[in-house]
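Just so we're aligned, residue 0 is where the sequence shown starts under numbering that gives the first Met the number 0, counting upward by one.
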Amino acid sequence: MSYTVLDEKLIPGYLEQIPRVMEVLGTSDELAITEIGDGNLNFVFRVARADDPKRSVILKQAVPYLRVEGEGWPLSRDRILFETRALRVYNDLVPQFVPEILHDDAEMSVLVMQDLGAVKVLRYPMIEGVEFPGLGTDIGKFLGETLFKTSTLGMESIARRRLMQDFNLNDELCKLTEEFIFTFPYVDHPSNYKNPPTNAHALNVFRNDPEYLKRILRFKELFLTKSDALLHGDLHTGSLMVEQNETYVIDVEFAFFGPFGFDVGKIIANFLMAYTSHFHRPGGPDYQAWLLNEAVSIWKAFEAEFLRLWDETPGAALYFEGMLEPADLADYKKRFMQTIFDDAMGFCACSVARRTVGLAGVADVRAIEDLDIRTHLECMNVDLSHWIMMQYDEIGDIDSFKATVTDFYSRQAPMRQEERRV
Ligand code: ADP
Ligand code: SR1
Ligand code: MG
């Protein structure tokens, strides 16, 4: 079928041609079809049997433009190819953390996948203050496995270079990230968020600070030039789906070979922005403590998994057995992990800035209706980005990160009782 934008009317006829999908649905009659896409780029439908809603699939289709901006912002449909490729890699490496692929169709820019069902996008229960035991550890394990196993430590050289070629042309989405994370938030750009007091604060705190801006530039350079491992590329709390004791990763269309610290820093940033939001949202100090502990667990589990795999993986591109004495190898590993940690801190700072003053802010803060409260919390996040960025290479380790962040929040003016929802 040549490219056609699918809708509720066309989907049954499209799906009935696909045996693997029909195995799940059983029939193309009486389907309940709902567009559930809440993302910025694509259309996503849940297709379920009206008489048996547990028999369902998810159909994702790319349109030739950026959904959130409309047809005036063209964007290649190829993003679905990269999403499909990355999801295949993840299905091989970490099947427990991703939906199964049921069908892919390059011509139609369609991906049909397992419906994760009642599992919720993390951002929304997090806004309500719901805890998920083991969440940080799951995220850290996902990161440890995927980053290690696609790096020069986890793969043999030729296979890895070939895999890299599969993602080299995800250029348009990489460019979106370059601009939306590393350029627009630091200049006066029309796509930026429009809240004058927050913008004025950003101007004072970071847009006019050359030291901060030079550090942003360093991280933009890393993003543009380093190819450490296959990254998710858009790992935030809207790309995670969770239930008690279940964690899934979705929306992998931004996948590319980039710096180790990028995904790690971005997801930690989302936990911090949730922390900020709970000065107003219902979780209060207990939930804030949980969020910070989970952010710490992300790093700890990532590091443990990465180092465990390093011990167990001979014959990869970078290191050959016996090259270094044990003490020297231990020293090399320590420095290696230190660089990832420092970079994660810097990318965390970039991400907080971007989600505060750029397009596509986090709902945790941006969806707060009371403008005074929202502005107060946005200014706090502007300061948080600056605070982390100006010491990203001095924080040193994850316990100091926790202490540094706790110190930052303890300096913030307390919110008045009436500003809290509790
Ligand atoms: P976009 O690329 O436009 O950001 P997403 O991949 O984030 O789209 O999907 C949009 C929404 O669709 C998600 O927030 C989630 O609610 C839902 N969704 C996506 N994939 C699945 C899945 N496999 N199972 C259940 N729901 C899903
Ligand atoms: C213009 S694209 C804005 C954002 O939406 C996606 O989900 C990514 O986070 C991207 O940066
Ligand atoms: Mg997406």
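From the three backbone atoms N, C-alpha and C, an ideal C-beta is built for every residue, glycine too.
Measure the alpha-carbon distance for L328 versus E302 and round it to whole angstroms.
Sequence index remark: in the sequence shown, residue 328 carries index 329 (1-based). Sequence index remark: in the sequence shown, residue 302 carries index 303 (1-based). Taking the straight line joining both Cα atoms gives about 16 angstroms.
Does ligand 1 have even one heavy atom less than 8 angstroms from the beta-carbon of E7?
Residue 7 sits at position 8 when you count from the first residue of the sequence shown. No - ligand 1 has no heavy atom lying nearer than 8 angstroms to the Cβ of E7.
Whole angstroms are fine: how far does the CA of D369 sit from the CA of M423?
Residue 423 lies beyond the stretch modelled for the chain, which goes from 0 to 421, so this question has no answer here.
For a test of the three-state rule: what should DSSP assign to H102, helix, strand or coil?
Along the sequence shown, one-based indexing puts residue 102 at 103. Here H102 sits in strand by DSSP.
Would you give the residue range spanned by the beta strand (DSSP E) that P52 belongs to?
Working through the sequence shown from its first residue, we reach residue 52 at position 53. Its beta strand (DSSP E) spans residues D51 to Q60.
What span of residues does the beta strand (DSSP E) with A412 cover, start to end?
Numbered from its first residue, the sequence shown carries residue 412 at position 413. Here A412 belongs to no beta strand (DSSP E), and DSSP marks it neither H nor E.
Distance between M344 and A288 (C-alpha atoms, nearest Å):
As a first step, residue 288 is located in the sequence shown; it is residue number 289 there, counting from the start. As a first step, residue 344 is located in the sequence shown; it is residue number 345 there, counting from the start. Between A288 and M344, the C-alpha separation is close to 19 angstroms.
Cα-Cα separation, D264 to T236:
Along the sequence shown, one-based indexing puts residue 264 at 265. Along the sequence shown, one-based indexing puts residue 236 at 237. Checking the sequence, you will find Gly at residue 264 rather than Asp. Each residue's Cα considered, the two are about 12 angstroms apart.
Between the C-alpha atoms of V421 and H375, what's the straight-line distance to the nearest angstrom?
Looking up residue 421 in the sequence shown gives position 422. Looking up residue 375 in the sequence shown gives position 376. Because the pLDDT at V421 is just 42, under 50, the model does not fix this residue reliably, and the value given afterwards should be weighed accordingly. Taking the straight line from one Cα to the other gives about 17 angstroms.
Can S1 and V62 be called in contact, C-beta distance under 9 angstroms?
Taking the sequence shown and counting its residues from 1, one reaches residue 1 at position 2. Taking the sequence shown and counting its residues from 1, one reaches residue 62 at position 63. In this structure, V62 does not lie closer than 9 angstroms to S1 by Cβ.
Indicate, with yes or no, if ligand 1 has a heavy atom lying under 8 angstroms from the CB of V120.
Numbered from its first residue, the sequence shown carries residue 120 at position 121. Yes; taking the cut-off as 8 angstroms, the Cβ of V120 has a heavy atom of ligand 1 nearer than that.
Sheet register partners of R45 (DSSP bridge):
Along the sequence shown, one-based indexing puts residue 45 at 46. Paired residue(s): T33 and I57.
Pocket of ligand 1 defined by Cβ to heavy atom distance under 7 angstroms
I35, G36, D37, G38, N39, L40, N41, V43, R45, I57, K59, R66, P98, M112, Q113, D114, L115, G116, V118, V120, G237, S238, M240, I249, D250 and E252
Is the beta carbon of V4 closer than 9 angstroms to that of K59?
By 1-based counting over the sequence shown, the position of residue 59 is 60. By 1-based counting over the sequence shown, the position of residue 4 is 5. Going by C-beta atoms, K59 is not nearer than 9 angstroms to V4.
Only counting the same chain, and skipping five residues up and downstream in sequence, which positions put a Cβ closer than 7 angstroms to that of V23?
As a first step, residue 23 is located in the sequence shown; it is residue number 24 there, counting from the start. Same-chain partners within the cutoff: R54, V56 and L101.
I'd like the span of the alpha helix (DSSP H) that includes Y123, first residue to last.
Working through the sequence shown from its first residue, we reach residue 123 at position 124. R122 to E127 is the span of the alpha helix (DSSP H), which, as asked, contains Y123.
When DSSP builds the beta bridges, which residues end up paired with P73?
Position 74 of the sequence shown, counted from the first residue, corresponds to residue 73. P73 is bridged to Y64.
Would you check whether ligand 2 has a heavy atom nearer than 8 angstroms to the C-beta of A359?
Within the sequence shown, numbered from 1, the residue matching residue 359 stands at position 360. At least one heavy atom of ligand 2 is nearer than 8 angstroms to the Cβ of A359, so yes.
Beta-carbon spacing of F261, S150 below 9 angstroms
As a first step, residue 261 must be located in the sequence shown, where it is residue number 262. As a first step, residue 150 must be located in the sequence shown, where it is residue number 151. No, Cβ-Cβ distance for F261 and S150 is not below 9 angstroms.
Tell me where the beta strand (DSSP E) around M112 begins and ends.
As a position in the sequence shown, residue 112 is number 113, starting the count at 1. That run of the beta strand (DSSP E) goes V109 to Q113.
The alpha helix (DSSP H) enclosing T246, as first and last residue numbers:
As a working mapping, residue 246 is identified with position 247 in the sequence shown. First-last for T246: E245 to V248, but that is the beta strand (DSSP E), not the alpha helix (DSSP H).
Option nearest D104 by Cα separation, candidates N292, R84, G314 and D6
What you label residue 104 is simply residue 105 of the sequence shown in a count that begins at 1. Among N292, R84, G314 and D6, the Cα nearest to that of D104 is on R84.
At which residues does the alpha helix (DSSP H) containing M272 begin and terminate?
Translated into the one-based positions of the sequence shown, residue 272 becomes position 273. G260 to S276 is the extent of the alpha helix (DSSP H) around M272.
For S409, count neighbouring C-beta atoms within 10 Å of its own C-beta (all shown protein chains included) and say buried if the count is 16 or more, exposed if not.
Position 410 of the sequence shown, counting from 1, holds the residue named residue 409. By the 10 Å Cβ count, S409 comes out exposed.
Under a three-way DSSP split, which group does G116 fall into?
Mapped onto the sequence shown, residue 116 falls at position 117. Note: G116 maps to coil in three-state DSSP.
Does the separation of the CB atoms of V204 and D382 fall below 9 angstroms?
Taking the sequence shown and counting its residues from 1, the one referred to as residue 204 is at position 205. Taking the sequence shown and counting its residues from 1, the one referred to as residue 382 is at position 383. It is a contact, given that the beta carbons lie within the stated cut-off.
Go ahead and label I35 buried or exposed: buried means 16 or more other beta carbons lie within 10 angstroms of its beta carbon, across all protein chains shown.
As a first step, residue 35 must be located in the sequence shown, where it is residue number 36. By the 10 Å Cβ count, I35 comes out exposed.
CB of M21 within 9 angstroms of CB of E15, strictly:
Here residue 21 refers to the residue found at position 22 when the sequence shown is read from its first residue. Here residue 15 refers to the residue found at position 16 when the sequence shown is read from its first residue. Contact: yes.
Closer than 7 angstroms by C-beta to C173: which residues in its own chain qualify, once you throw out the five before and the five after it? Chain order, please.
The residue you call residue 173 lines up with position 174 of the sequence shown. Here the set comprises F255.
Following the continuous alpha helix (DSSP H) through G345, name the residue where it begins and the one where it ends.
Taking the first residue of the sequence shown as 1, we reach residue 345 at position 346. Where G345 is concerned, the enclosing alpha helix (DSSP H) stretches over P325 to V356.
From the DSSP output, which residues share a beta bridge with M240?
As a first step, residue 240 must be located in the sequence shown, where it is residue number 241. DSSP output for M240 lists V120 and Y247 as bridge partner(s).
Within a Cβ cutoff of 8 angstroms, which residues of the same chain sit near Q243, ignoring the five residues on either side of it in sequence?
Here residue 243 is taken as the residue at index 244 of the sequence shown, counted from 1. F131 and P132, listed in sequence order.
May I ask you to report which of helix, strand or coil DSSP gives G257?
Position 258 of the sequence shown, counted from the first residue, corresponds to residue 257. G257 falls in the strand class under three-state DSSP.
Rank E7, R217, P189 and T275 by C-alpha distance to the C-alpha of P413 and give the top, closest one.
Working through the sequence shown from its first residue, we reach residue 413 at position 414. Comparing Cα-Cα distances from P413 to each of E7, R217, P189 and T275, the minimum goes to T275.
Under the criterion of a Cβ to heavy atom distance below 8 angstroms, does D233 qualify as lining ligand 3?
To locate residue 233, count along the sequence shown from 1; it is residue 234. Because some heavy atom of ligand 3 lies under 8 angstroms away, the Cβ of D233 counts as near it: yes.
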